[in-house]
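Residue numbers (the numbering used here), protein chains in the order written: chain A, 294 to 630; chain B, 294 to 630.
2 protein chains.
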Amino acid sequence: MSETAPRPTLEAVAARAGVSRATVSRVVNGGDGVREPLVERVRRAVEELGYVPNQAARSLVTRRHDAIAVVVAEPETRVFADPFFALQLRGISKELTAHDNQLVLLLTEGRDDHARVGRYLAGGHVDGALVFSLHLDDPLPGLIQRAGIPTVFGGRPGWRDGTGEEVVYVDSDNRGGARDAVRHLVGLGRSRVAHITGALDQTSAVDRLEGFRDVVGDVDARLVVEGDFTPAGGERAMRELLDRCPDVDAVFAANDLTASGALRVLREHGRRVPDDVAVIGFDDMLPIAEQTDPPLTTIRQDIEEMGRLMARLLLKGSGDAMSGVVLPTTLVRRASA
Amino acid sequence: MSETAPRPTLEAVAARAGVSRATVSRVVNGGDGVREPLVERVRRAVEELGYVPNQAARSLVTRRHDAIAVVVAEPETRVFADPFFALQLRGISKELTAHDNQLVLLLTEGRDDHARVGRYLAGGHVDGALVFSLHLDDPLPGLIQRAGIPTVFGGRPGWRDGTGEEVVYVDSDNRGGARDAVRHLVGLGRSRVAHITGALDQTSAVDRLEGFRDVVGDVDARLVVEGDFTPAGGERAMRELLDRCPDVDAVFAANDLTASGALRVLREHGRRVPDDVAVIGFDDMLPIAEQTDPPLTTIRQDIEEMGRLMARLLLKGSGDAMSGVVLPTTLVRRASA
DNA sequence: TTGAAAGCGCTAACAG
DNA sequence: CTGTTAGCGCTTTCAA
Numbered sequence: 294m295s296e297t298a299p300r301p302t303l304e305a306v307a308a309r310a311g312v313s314r315a316t317v318s319r320v321v322n323g324g325d326g327v328r329e330p331l332v333e334r335v336r337r338a339v340e341e342l343g344y345v346p347n348q349a350a351r352s353l354v355t356r357r358h359d360a361i362a363v364v365v366a367e368p369e370t371r372v373f374a375d376p377f378f379a380l381q382l383r384g385i386s387k388e389l390t391a392h393d394n395q396l397v398l399l400l401t402e403g404r405d406d407h408a409r410v411g412r413y414l415a416g417g418h419v420d421g422a423l424v425f426s427l428h429l430d431d432p433l434p435g436l437i438q439r440a441g442i443p444t445v446f447g448g449r450p451g452w453r454d455g456t457g458e459e460v461v462y463v464d465s466d467n468r469g470g471a472r473d474a475v476r477h478l479v480g481l482g483r484s485r486v487a488h489i490t491g492a493l494d495q496t497s498a499v500d501r502l503e504g505f506r507d508v509v510g511d512v513d514a515r516l517v518v519e520g521d522f523t524p525a526g527g528e529r530a531m532r533e534l535l536d537r538c539p540d541v542d543a544v545f546a547a548n549d550l551t552a553s554g555a556l557r558v559l560r561e562h563g564r565r566v567p568d569d570v571a572v573i574g575f576d577d578m579l580p581i582a583e584q585t586d587p588p589l590t591t592i593r594q595d596i597e598e599m600g601r602l603m604a605r606l607l608l609k610g611s612g613d614a615m616s617g618v619v620l621p622t623t624l625v626r627r628a629s630a
Numbered sequence: 294m295s296e297t298a299p300r301p302t303l304e305a306v307a308a309r310a311g312v313s314r315a316t317v318s319r320v321v322n323g324g325d326g327v328r329e330p331l332v333e334r335v336r337r338a339v340e341e342l343g344y345v346p347n348q349a350a351r352s353l354v355t356r357r358h359d360a361i362a363v364v365v366a367e368p369e370t371r372v373f374a375d376p377f378f379a380l381q382l383r384g385i386s387k388e389l390t391a392h393d394n395q396l397v398l399l400l401t402e403g404r405d406d407h408a409r410v411g412r413y414l415a416g417g418h419v420d421g422a423l424v425f426s427l428h429l430d431d432p433l434p435g436l437i438q439r440a441g442i443p444t445v446f447g448g449r450p451g452w453r454d455g456t457g458e459e460v461v462y463v464d465s466d467n468r469g470g471a472r473d474a475v476r477h478l479v480g481l482g483r484s485r486v487a488h489i490t491g492a493l494d495q496t497s498a499v500d501r502l503e504g505f506r507d508v509v510g511d512v513d514a515r516l517v518v519e520g521d522f523t524p525a526g527g528e529r530a531m532r533e534l535l536d537r538c539p540d541v542d543a544v545f546a547a548n549d550l551t552a553s554g555a556l557r558v559l560r561e562h563g564r565r566v567p568d569d570v571a572v573i574g575f576d577d578m579l580p581i582a583e584q585t586d587p588p589l590t591t592i593r594q595d596i597e598e599m600g601r602l603m604a605r606l607l608l609k610g611s612g613d614a615m616s617g618v619v620l621p622t623t624l625v626r627r628a629s630a
């Protein structure tokens, strides 16, 4: 990679404006305590020279970087098969941008990467980290805690650390949303409500299952079948469901992707939705929920806002000692239930 | 955000190992020209102190950052509705990681952001940039060229700069792939082959249309209808197509998403695929192509590899003065054609 | 209010 | 081979 052209320094600006480096520095950083005429002169010099502060030099003394890391463990392609992650990223990006922070993206796959990420985080390159720990047994969170930098998790982490330290996270009200979904189904007069779960090594899946149980009470075990948040998983689960309980009249799918798979199988088996079987999803992933046949009734979570909030908490220092923020969900009614 | 704990410096390591800072520096940076026993002593000291180099200090003198920016203009949600971008990102990330580079993600929306990105890039925070310029009239590329840092574009940029400067980009062989697709359809004995285009303000869509024309020769204008790379666009276009030419017997859709929409409409109209109408897509986006009914025959492009290659070119300095690299595509045969 | 001076932690000549 | 030295460009006391 070729060298970038030499850029003007604070020194150069100072010379041009006929002031000291210190004064230029003050102006560049807000200009408090500098008399107006000087401010003006410095501003002009900055303009003329096209001066941009050298971030490395600044960080060296301030020990701040105005950058945060976003860590995503993505051992599976699933992360990429739905727009979930991208939406959070967008929310994060917006918030960071608004606060002049940069986003350093750390994608990990496998063990070696964990060490690398740990080192990077501990290396003081960034002011904080936003991490998405999808799985219950993920070693990443531990590593990051050890790195000792401010961290906010996306989704409720699956572990409880014995240390009693606060774990800051942002999550959707998965359990409450699931309850709403199932209540809706029950309100429709359905009596044999099934649940296709998500991947149960993720807290979101566990929480949604809990919500389902909250409403259904003692569940006929045959009405709960494990999925994995994918359409294929949804298909498989739906087949099994139909096989076990041909009289099932409603399905709460752990997410929209799962629901789309389930819908396909129902159609294939000649069941009419919602007449024979009502189906409800979770997420309200527009490109999916609006495109299914019939359009999907689902539980909406504001994913972009989750990202935004994570960034906001991290930047604020979350000194409020709050540990988790849970965002509400809403029922979006379309045609499938 | 709270301060990170004070970390050991080179000085500290030197003291502990009983050598000079320079020696420690040498060891940390590869250890060439340092006698083994010393190397060992230094290594141990580093280990014991948990020393991690201060990147800011290092950058200050080396003027390198071991970081590159990935710039994505995403005025529309479309970027997030398909996994395309995420896959490229993954390829990029892998390659950068292998070369100990960090990935700074710059998401832009709207004009103000452009200025911000321009400033950042010009500000010498990163060693280079990877840019995804989706649209023909995007002002971003210009801005970036002006920033004067090494840049590789994802997808053939829509403009030709008069400067005669080399523009480095990585793209799929959209035109060739399109030709393969249409030839396949023709080889199936289809005689009324239609094309649903992508958003024609993107070079990929234009190139695929060209490829279509290459094979079909003088096209019946009614057989080309504009889409926008979305399922909804595909539906709309397919309806129009059926309306205009009820006897259409094959469709080349600009991408898999478009094809999925077209399939839906065909089914709705009682056309059998591929018996009545053969359908072929572009991308081979697995979660889509494998889930459609019937599974989609399509043109595969190796998206992750594109990302990887972009990163490789940037890091290599692409001093080979080559301007564009075009990756081959392959036909993936499933059931729809 | 402004300026002078002292580093932040590191690398890179240059000596030895 | 190893150590000494001089900065990289900036912020931040401390005086003036």
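Just so it is clear, CB atoms sit at the ideal spot from N, CA and C, and this is done for glycine as well.
Top-ranked residue by Cα proximity to residue i, from the options
i	options	result
A571/A	K387/A, D405/A and R560/A	R560/A
R626/A	D466/A, D595/A, V558/A and L478/A	L478/A
R334/A	V321/A, L624/A and A604/A	V321/A
T390/B	V541/B, L399/B, I361/B and G417/B	I361/B
H407/A	Q395/A, V397/A, L423/A and V365/A	V365/A
S497/A	D521/A, G482/A and D511/A	D521/A
D586/A	A552/A, G311/A and D595/A	A552/A
G709/A	W452/A, A487/A, Y413/A and R468/A	Missing from the structure shown is residue 709/A; chain A here goes from 294 to 630 and no further.
V619/B	K609/B, L423/B and M603/B	M603/B
T591/A	L481/A, L396/A, D466/A and F545/A	F545/A
D464/A	Q438/A, S426/A and L579/A	S426/A
L502/B	I581/B, F575/B and V339/B	F575/B
R409/A	S629/A, P432/A and Q395/A	P432/A
Q663/A	G447/A, G448/A and G411/A	The structure shown does not extend to residue 663/A, since chain A is modelled only from 294 through 630, so no value can be given for it.
D405/B	A350/B, L303/B, L436/B and P330/B	L436/B
D466/B	L534/B, R449/B and S313/B	R449/B
Listed by chain order, chain B residues near residue i by CB distance under 7 Å
i	result
H418/A	Q348
L353/A	A349, A350 and L353
Supposed close pair residue i, residue j - CB separation, criterion 8 Å
i	j	result
Q495/B	H428/B	6 Å
G384/A	M599/A	6 Å
A543/B	A492/B	That belief does not hold up - the Cβ atoms of A543/B and A492/B are roughly 22 Å apart, past 8 Å.
V509/B	V475/B	6 Å
G617/B	Y462/B	5 Å
L423/A	V363/A	5 Å
P588/A	A628/A	5 Å
R472/B	D507/B	5 Å
Neighbour list for residue i in chain B, Cβ cutoff strictly below 9 Å
i	result
L342/A	Within chain B, no residue comes near L342/A; the closest Cβ sits about 13 Å away, beyond 9 Å.
R300/A	A415, G416 and G417
S484/A	Those within 9 Å of S484/A in chain B number zero; the least Cβ separation is about 31 Å.
S465/A	Those do not exist, as S465/A stays about 18 Å from chain B at its closest Cβ, beyond 9 Å.
Partners in chain A for residue i, counting only beta-carbon separations shorter than 8 Å
i	result
V461/B	The contacting residues do not exist; V461/B stays about 12 Å from chain A at best.
S616/B	Those within 8 Å of S616/B in chain A number zero; the least Cβ separation is about 16 Å.
S318/B	By Cβ distance, chain A contributes nothing, its closest Cβ being about 16 Å from S318/B, past 8 Å.
R409/B	T390
S629/B	In chain order: nothing, as chain A lies at least about 16 Å away.
Residue i: contacting residues in chain B (beta-carbon distance under 8 Å)
i	result
V667/A	Absent from the structure is residue 667/A, since the part of chain A shown begins at 294 and ends at 630.
S313/A	Neighbours of S313/A on chain B: none; closest Cβ ~21 Å, over 8 Å.
Residue i: contacting residues in chain A (beta-carbon distance under 7 Å)
i	result
S497/B	None at all; the shortest Cβ gap to chain A is about 19 Å.
Name, going along the chain, the residues of the region 392-404 of chain A whose beta-carbon falls closer than 7 Å to a beta-carbon of chain B. Q395, L396, V397, L398 and L400
List, from N- to C-terminal side, the alpha helix (DSSP H) runs of 4 residues or more that fit wholly inside the region 562-593 of chain A. 579-582
Closer than 7 Å between beta carbons: that is the criterion. Which residues of the region 518-530 of chain A meet it against chain B? P524
- Item | Positions along the region 420-436 of chain B whose CB lies within less than 7 Å of some CB in chain A | D420 and G421
4-residue-minimum alpha helix (DSSP H) runs that sit fully inside the region 474-523 of chain B, ordered along the chain: 496-509
- Query: In the region 392-440 of chain A, which residue ranges form an unbroken beta strand (DSSP E) of at least 3 residues, counting only runs that do not cross its ends?
  - Reply: 395-401 and 421-425
Minimum length 3: unbroken beta strand (DSSP E) runs contained in the region 327-351 of chain B = none
query: If contact means a Cβ-Cβ distance below 9 Å, which residues of the region 583-610 of chain B contact chain A?
result: E583, Q584, D586, L607, L608, K609 and G610
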